Amino acid sequence: MAQEHIALLLDDACLTVDELAVSCSVSREWVIEHVQAGVLPAESGADPAQWSFTGRDLLRTRRLFDLERSFDANPELAGLVTDLLDEMERLRVRLRRAGLPPD
Amino acid sequence: MEFKDYYQILGVARDAPADDIKKAYRRLARKYHPDVSKEPDAERKMKELNEANAVLSDPEKRAAYDNVGQSFHAGQEFRPPPNWDAGFEFSDRGFSGAESADFSDFFSELFGSRMGRGSPREHGHFRSRGEDHHAKVLLDLQDAYHGASRTLTLRTPQTDARGHVKLSERALDVRIPKGIHEGQLIRLTGQGSPGHGGGQSGDLYLEVHFKPHTRYRAEGRDVYATLPIAPWEAALGASVKAPVPDGAVEVRIPEGSQSGRKLRLKGRGIPGSTPGDLYLVLEIVLPPASNPKARELYQAMERELNFDPRRGLGA
Chain A
15 MAQEHIALLL DDACLTVDEL AVSCSVSREW VIEHVQAGVL PAESGADPAQ WSFTGRDLLR
75 TRRLFDLERS FDANPELAGL VTDLLDEMER LRVRLRRAGL PPD
Chain B
7 MEFKDYYQIL GVARDAPADD IKKAYRRLAR KYHPDVSKEP DAERKMKELN EANAVLSDPE
67 KRAAYDNVGQ SFHAGQEFRP PPNWDAGFEF SDRGFSGAES ADFSDFFSEL FGSRMGRGSP
127 REHGHFRSRG EDHHAKVLLD LQDAYHGASR TLTLRTPQTD ARGHVKLSER ALDVRIPKGI
187 HEGQLIRLTG QGSPGHGGGQ SGDLYLEVHF KPHTRYRAEG RDVYATLPIA PWEAALGASV
247 KAPVPDGAVE VRIPEGSQSG RKLRLKGRGI PGSTPGDLYL VLEIVLPPAS NPKARELYQA
307 MERELNFDPR RGLGA
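Chains A and B supply the protein sequences, listed in that same order. Each position in the first sequence, counted from 1, maps to that position plus 14 in my numbering. Each position in the second sequence, counted from 1, maps to that position plus 6 in my numbering.
1. Please list, in chain order, the chain A residues whose beta carbon lies closer than 7 Å to that of glutamine 305 of chain B.
2. Below 7 Å between beta carbons is the criterion; list the residues of the region 31-65 of chain B that meet it against any residue of chain A, in chain order.
3. State the DSSP-derived secondary structure class of serine 37 of chain A, mapped to helix, strand or coil.
4. Strictly under 9 Å for the Cβ-Cβ distance: is glycine 203 of chain B near chain A by that measure?
5. Under DSSP, the alpha helix (DSSP H) around glycine 9 of chain A begins and ends at which residues?
6. Over the uninterrupted beta strand (DSSP E) stretch that includes glycine 253 of chain B, give me the two end residues.
7. Return the CA-CA distance between alanine 254 of chain B and valine 246 of chain B, expressed in angstroms with no decimal places.
8. What is the residue span of the alpha helix (DSSP H) that serine 245 of chain B lies within?
9. Run through chain B and tell me which residues come within less than 9 Å of valine 36 of chain A, C-beta to C-beta.
10. Is there a C-beta anywhere in chain D that falls below 9 Å from the one on arginine 42 of chain A?
11. Between the Cα of phenylalanine 67 of chain A and the Cα atoms of A/Asn88, A/Glu101 and A/Ala35, which residue gives the shortest distance?
12. Kindly indicate the opening and closing residues of the alpha helix (DSSP H) around leucine 303 of chain B.
13. Does the Cβ-Cβ distance between glycine 153 of chain B and arginine 227 of chain B come in under 9 Å?
14. Give the interface partners of isoleucine 186 of chain B over in chain A, defined as CB-CB distance under 9 Å, in chain order.
15. When burial is assigned at 16 or more other CB atoms within 10 Å of the CB, is tryptophan 44 of chain A buried or exposed?
16. Strictly under 9 Å for the Cβ-Cβ distance: is serine 66 of chain A near chain B by that measure?
17. Can you tell me the Cβ-Cβ gap for alanine 141 of chain B and leucine 212 of chain B, rounded? I've got them flagged as a contact below 8 Å.
18. Taking 8 Å as the threshold, find out whether the region 175-186 of chain B comes into contact with the region 109-118 of chain B through three or more Cβ pairs.
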């Protein structure tokens, strides 16, 4: 039988700035710039070595990068679109909860 | 393998200037962006657009593609001629090797040997970590309570003995521990791309979503389940057995309950260091008035109870 691999749940803040950068194929500087621009959430403290990120932050980072690349968007605009997409998803969940169709 | 006409995919002429290609890509990327598009098949279209853009927005890849593609049209059977790329140097711009796993076999055949890692002579003596991969996985809500084993099929770039990269499918048996919730990420260490020059392998990240269920729905770690009850159980109170995601539980329905009332079972939601709660949402189901006896009982209630649910609504 093939070996079974154990998956780790990424729950709370658990990724370093370097791990986040590697997993999203962006540079460390890219992450720092986006934290400083306020579009990625930062832990307290100015030292990037002390920052930690959640699994949700990782998904946000990938979405930001994708928007910036596809549309040559600046970080603030990509951040705004990402916030709107999150808000849309939150409202879709509420629609589902109320038993209403998405459209 | 079918020839892919990237110009046709982006809807531009073969001699379109770079600026027109960029505009066409952005226009279509907005139309088919999977987060907002209402077009059927938006996700597949978006991958196709990304692939066409990865080639046509890169002057080196575009030139090589034009060179090999001038005698082919869309859908035609295609085999790249030997040494078709002689004289071209590709650099990796913008799209990682992990992303190119989403691209077609046609792309992989033409550019696969360079995506994400450069040519062996550039990187041969470097030690570097393999890339991380990302995928989504659909689970049942019950899996969050018990954990689950799944066999995932993944497309990953693999390097052959000549340094060429081909997409290959591989099966991976994964044990997902209990306590997972909607939208959460899980990591499989070392299951991304292999490293180079003895470097560490990348990781595989899986984003978890639950399949829709008729009775259960999760919000974070809290779980909501509908509990159908009879009118007399609601009116008089009762102890009933309620099916829940991890089995069944005996609950007390308080006297005078209405539809929509929530009963909270603390700590019976998705397990974790702080487990969620389970909410049973009461739903009163009327017995059908489908025989004379049942009709007689409803008529007796109408006569005896003096009940008007619209009292006070001003009608």
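The C-beta atom is built at its ideal place from N, Cα and C for all residues, glycine as well. As the structure is a prediction and not an experimental result, all values here were calculated from the model.
Reading it off the structure:
1. Near glutamine 305 of chain B there are no residues of chain A at all, since even the closest Cβ is about 32 Å away, more than 7 Å.
2. Arg32, Ala35 and Asp41
3. helix
4. no
5. Since the first and last residues shown for chain A are 15 and 117, residue 9 of chain A lies out of range.
6. 253-259
7. 10 Å
8. If you look at serine 245 of chain B, you'll find it isn't in any alpha helix (DSSP H); it sits in the beta strand (DSSP E) that goes 244-250.
9. Arg135, Glu137, Asp138, Gly208 and Asp209
10. Checking the listed chains, one finds no chain D in this structure; the protein chains it contains are A and B.
11. Answer by Cα proximity: A/Ala35.
12. 298-311
13. no
14. Ala21 and Leu23
15. buried
16. no
17. 6 Å
18. no
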